[in-house]
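Enquirer: Each residue of the sequence shown is one higher than the one before, counting from 2 in my numbering. We put the CB at the ideal spot given by N, CA and C, even for glycine. Have a look at the structure that comes next, please.
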Amino acid sequence: MGLLRRVKITVGGMLGYSGCIHCKMPWRYVAAKKIMHSSSEGMSPLCIRCFEDLPIEKIDYYIKKDVRSWGRDKHETAGIIASARKEARRMKERLSARSLKIKS
Ligand SMILES: [Zn+2]
Numbered sequence: 002m003g004l005l006r007r008v009k010i011t012v013g014g015m016l017g018y019s020g021c022i023h024c025k026m027p028w029r030y031v032a033a034k035k036i037m038h039s040s041s042e043g044m045s046p047l048c049i050r051c052f053e054d055l056p057i058e059k060i061d062y063y064i065k066k067d068v069r070s071w072g073r074d075k076h077e078t079a080g081i082i083a084s085a086r087k088e089a090r091r092m093k094e095r096l097s098a099r100s101l102k103i104k105s
């Protein structure tokens with residue numbers, strides 16, 4: 002891991018910022034990708050770059066990990082995970098449609 006990255010992670014943590022579950026970069030330095038799990042509520046387990054780069058299976062895993070950490074009851078947790086995963090798929094499809102357009 003690069004020195005600048007380590008410094009940012011340390012400083013962001015000291016300032017109380019949480020960050021991307023995958024790359025650990027605090028929200029002070031990277032933008033979060035919001036995944037809606039209802040019409041009004043969203044979650045941001047990952048930064049924009051990780052969301053775009055990671056395969057959907059890995060995103061599924063982080064969604065589960067994040068939602069479980071909220072400590073809601075089992076039924077609600079399962080519902081949120083399912084909705085967020087569905088939305089993440091839609092977002093990924095839009096991304097690949099966009100990159101196909103750019104390439105052609
Ligand atoms: Zn990230």
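Which term fits residue 85, buried or exposed, when burial requires 16 or more other beta carbons within 10 angstroms of its beta carbon?
Expert: So residue 85 ends up on the buried side.
Enquirer: Thinking C-beta only, is residue 65 closer than 9 Å to residue 48?
Expert: No.
Enquirer: Residues around ligand 1, please: the ones whose beta-carbon is closer than 5 Å to some heavy atom of it, in chain order.
Expert: Having a Cβ closer than 5 Å to some heavy atom of ligand 1 are 21, 23, 24, 48, 51.
Enquirer: Could you name the residues of the same chain whose beta carbon sits closer than 7 Å to that of residue 41, not counting the 5 residues immediately before and after it, in chain order?
Expert: None.
Enquirer: Please list the terminal residues of the continuous alpha helix (DSSP H) segment that includes residue 62.
Expert: From DSSP, the alpha helix (DSSP H) with residue 62 extends over 57 to 70.
Enquirer: With 16 other CB atoms within 10 Å as the buried threshold, where does residue 46 fall?
Expert: Buried, by the Cβ-count rule.
Enquirer: Return the first residue and the last residue of the alpha helix (DSSP H) that residue 20 is part of.
Expert: No alpha helix (DSSP H) contains residue 20, which DSSP labels as neither H nor E.
Enquirer: Using the rule of at least 16 other Cβ atoms within 10 Å of the residue's Cβ for burial, across every protein chain shown, is residue 8 buried or exposed?
Expert: It counts as exposed.
Enquirer: Three-state secondary structure (DSSP) at residue 33?
Expert: In this structure, residue 33 counts as strand in the three-state DSSP scheme.
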